[in-house]
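There are 2 protein chains.
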Amino acid sequence: MNFTIEKKCENSQARTGKLQTDHGEIETPIFMPVGTQGTVKGIYQSQLKNDIKAQIILGNTYHLYLRPGIDLIEKAGGLHKFIGWDGPILTDSGGYQVYSLSNMRKITEEGVSFKSHIDGSKHVLSPEIATDIQRVIGADIIMAFDECTPYPCEYEYAKRSMNMTHRWLKRCLDRFHSTDHNYDYFQTLAPIVQGSTYTDLRKDSAKACSDHEALIYAIGGLSVGEPAEEMYEMTEVVTAILPIRKPRYLMGVGTPANLLECIALGIDMFDCVMPTRNARHGLLFTSEGIINIKNAKWKEDLSPIDKNINCYTSNNHTKAYLRHLIHTNEMLGLQMATLHNLTFYLELMEMAREKIREGCFLKWKTEMVKKVQTRL
Amino acid sequence: MNFTIEKKCENSQARTGKLQTDHGEIETPIFMPVGTQGTVKGIYQSQLKNDIKAQIILGNTYHLYLRPGIDLIEKAGGLHKFIGWDGPILTDSGGYQVYSLSNMRKITEEGVSFKSHIDGSKHVLSPEIATDIQRVIGADIIMAFDECTPYPCEYEYAKRSMNMTHRWLKRCLDRFHSTDHNYDYFQTLAPIVQGSTYTDLRKDSAKACSDHEALIYAIGGLSVGEPAEEMYEMTEVVTAILPIRKPRYLMGVGTPANLLECIALGIDMFDCVMPTRNARHGLLFTSEGIINIKNAKWKEDLSPIDKNINCYTSNNHTKAYLRHLIHTNEMLGLQMATLHNLTFYLELMEMAREKIREGCFLKWKTEMVKKVQTRL
């Protein structure tokens, strides 16, 4: 796996690059659609490739571990084969879902014990177990097992948690380097910077992670409820310290405006459930602003969702039809809305790369941030 | 609109034909996917055309009249344009849904008054109103407004209802012929044979319908709970009377075996919610039999749903993956199961046409009926 920076923006930390994986090349900055349970909700793998032009997708270790279970994934030859997706895959460590979904969990130095949110069965995740599971799932990019602190978080808790996350990172890397690839392609493990919204902790964590040689560095514990300005501030603090020649992945971020701002701060990779989840609630991101397609104002609007996008939904259908489908609880409405939002996110990333290459990113970014935040 | 019979089976009433419409040619025998509210549930219009190879789809007048309403459909330029489907469309008259969905309804000689199942608002459908609505919706094939009797149905009620349906047919045709096409293509109105499960009534009704010159004749009031043998018997009685050179449409039928048996009895067109509704419950029709994909026996089965089909689902995915998706309530599972079942139905019709052309339909039909009914 190899990352090369192609072009740097002169007026910001933005850059374009290419990340080579055994499942294909990823052009950065990139957004990674979330495929929680081995599917990006409502989207065919063929659409991911041909319509949305996704270059990498995410899987959630917690969900996949519980269902269908790693034995079946291994029997199928790994997650790529099980779900029929031959592009790169990144998996999270499972920690985040344990904290957010399981109501019976206990965090100790050893790891986390929790009850399944599905059947109440008891399980344990630790740095070693999370690494082993992701080895078997077969992600190209494996995430370190960390604790994602909530917002707000008291300084002392954030500091203790961060230090434990650093010790867990060491255990993840030890386990990772002492085990083999399960399949015939390369896997890598990415450290995660924590430290809540405290500048000194974020600096400490960025340094501690940078002390480990890695191919990708991630920033976790943001977009958990803090104001956007704090997220930007922490991101800026961390990207200033992380190795300049390695891709930086900002976990769980965010709105189109968040993505553009964070690209300017030197972020290369993003994931978020926002485009898919919002689509299912009828919220559509467009180049002119945000549309709530459930609103009566769109009832008789026979124009496309976004005339500036090359998407199946806008190329073939009207706002009035999509509103009718969502209004009548038709599955196709959720499908087309999701397809639209993901296509918009990926096109936005493609535009950002183009603007960086053309040397006019910052000016374009300022204009786009205003537009994409407008409520239509 | 024109129908030509291409080839007749020597050992049964089966035949292949071509029905020309202004929205394209329909090869018969054909199955018409049901697009209740302006969408075949979970299926893109592009998939209808390119994957399923649907040649005509159905719309439900009752649903479309209530939502999005005919004013919007008219404003969009008709249902074809509103939903983005440029193939032929057939609409039912709305009567069936009034009887099955609305719990407050009153049938008189004039028509049916009912309350919407959505908001309780009061509405009236009559032969004239149902014809006008379908004119505006813009279906290529408009259905007569009839009463679909339940099963079992007392003889006297069935007879009275049938005679009223005949009077309603006359009123539908009068209205149809005294009104213009709303759009720039040809529309036709199809009479519906009723008469419950009584041979003499079915004969009377077939004759009464045949007395009206029409381009397509439909058989209604079957597949409403009666044993399959009674359905076949009534179908045979009716097809013996209906004009031989006109396509016959058996409404609301049925299983793959039902379709094959009724093709042998001279039926050319079918529609049914079974392939789409069953898919959403995990029941899959295949060339080897019926699969309940929720069953634990498929949990680790890494083979395709049906190795004999050319379908996106079977070409790209395994039973184990589809089971995982359905098991975890993922939308993609419902989408892929629906895509599979509809592709299977349309491929079955294509095979039937081939076998009729090759002169070996009856032998093939007998073998296939056994296979497709097997529980796997």
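Those protein sequences? They're chains S and X, same order as listed. The opening position of the first sequence corresponds to residue -10 in my numbering, with each subsequent residue numbered one higher. The opening position of the second sequence corresponds to residue -10 in my numbering, with each subsequent residue numbered one higher. Note that the Cβ used here is the ideal one computed from N, Cα and C, for glycine as well.
Check, Outcome
"Starting from residue 23 (chain X), trace the alpha helix (DSSP H) both ways and give me its first and last residue.", "Looking at the DSSP string, residue 23 (chain X) is not in any alpha helix (DSSP H), and its letter there is neither H nor E."
"Residue 72 (chain X) CB to nearest chain S CB: under 8 Å?", "yes"
"Let's see if you can read the secondary structure: which residues bound the alpha helix (DSSP H) around residue -9 (chain X)?", "Where residue -9 (chain X) is concerned, there is no enclosing alpha helix (DSSP H), although the beta strand (DSSP E) it sits in stretches over -9 to -3."
"Got a sec: which bits of the segment 270 to 304 of chain S sit with their beta carbon under 8 Å from any beta carbon on chain X, in order along the chain?", "288, 289, 291, 301"
"Are the segment 24 to 35 of chain X and the segment 286 to 300 of chain X in contact at 8 Å, needing three or more beta carbon pairs?", "no"
"Residues in the segment 46 to 62 of chain S with C-beta within 9 Å of chain X's C-beta atoms, listed in sequence order?", "52, 56, 57, 60, 61"
"What does residue 324 (chain S) touch in chain X if you count any residue whose Cβ is under 8 Å from its own?", "31, 33, 320, 324"
"Take the Cβ of residue 181 (chain X) as the centre, count every other Cβ of all protein chains shown within 10 Å, and call the residue buried at 16 or more, exposed below.", "buried"
"Can you list the alpha helix (DSSP H) stretches of 4 or more residues lying completely in the segment 276 to 351 of chain X, in chain order?", "301 to 305, 308 to 316, 320 to 347"
"Kindly provide the ranges of any beta strand (DSSP E) runs that are 3 or more residues long and lie completely inside the segment 211 to 249 of chain X, ordered along the chain.", "237 to 239"
"Measure the C-alpha to C-alpha separation of residue 234 (chain X) and residue -7 (chain X) and round it to an integer number of angstroms.", "7 Å"
"Pick out whichever of S:321, S:301, S:122, S:196 has its Cα sitting closest to the Cα of residue 40 (chain S).", "S:301"
"Does residue 314 (chain S) come within less than 8 Å of chain X when only Cβ atoms are used?", "yes"
"Let me see if you follow: with CB-CB separation under 8 Å, is residue 172 (chain S) close to chain B or not?", "No chain B appears in the structure shown, which is made up of the protein chains S and X."
"Which runs of the alpha helix (DSSP H) fall wholly inside the segment 82 to 156 of chain S and span at least 4 residues, in chain order?", "84 to 90, 116 to 126"
"Helix or strand or just coil, what does DSSP make of residue 4 (chain S)?", "strand"
"Against residue 80 (chain X), what residues of chain S qualify as contacts under a CB-to-CB distance less than 7 Å, listed in chain order?", "Per Cβ cutoff of 7 Å: no residues; residue 80 (chain X) is ~16 Å from chain S at best."
"Quick one: Cα of residue 186 (chain X) to Cα of residue 226 (chain X), how far?", "10 Å"
"Counting along the chain, where does the alpha helix (DSSP H) carrying residue 37 (chain X) start and finish?", "34 to 39"
"Roughly how many whole angstroms lie between the Cα atoms of residue 314 (chain X) and residue 29 (chain S)?", "11 Å"
"Is any beta-carbon of chain X found at less than 8 Å from that of residue 27 (chain S)?", "yes"
"Is the CB of residue 310 (chain X) under 8 Å away from at least one CB in chain S?", "yes"
"Who does residue 260 (chain X) pair with in a DSSP beta bridge?", "X:21"
"So, using beta-carbon positions, are residue 119 (chain S) and residue 188 (chain S) closer together than 8 Å?", "no"
"Kindly say whether residue 12 (chain X), judged by its beta-carbon, lies nearer than 8 Å to any beta-carbon of chain S.", "no"
"Pop quiz: residue 56 (chain X) and residue 316 (chain S) are said to be a contact at Cβ under 8 Å. What is the actual Cβ separation, rounded to whole angstroms?", "7 Å"
"What number of angstroms, rounded off, separates the C-alpha of residue 309 (chain X) from the C-alpha of residue 48 (chain S)?", "18 Å"
"Could you have a look at residue 365 (chain X) and say whether DSSP puts it in helix, strand or coil?", "coil"
"Figure out for me which residue from S:158, S:298, S:256, S:176 has the closest Cα to the Cα of residue 125 (chain S).", "S:176"
"For residue 236 (chain X) and residue 330 (chain X), I'd like the C-alpha separation in whole angstroms.", "25 Å"
"Would you please verify whether the beta carbon of residue 363 (chain S) is less than 8 Å from any beta carbon of chain X?", "no"
"With 8 Å set as the bound, which would you pick, yes or no: does the beta-carbon of residue 229 (chain X) sit closer than that to a beta-carbon of chain S?", "no"
"Quick check: residue 26 (chain S) and residue 80 (chain S), are their CB atoms within less than 8 Å of each other?", "no"
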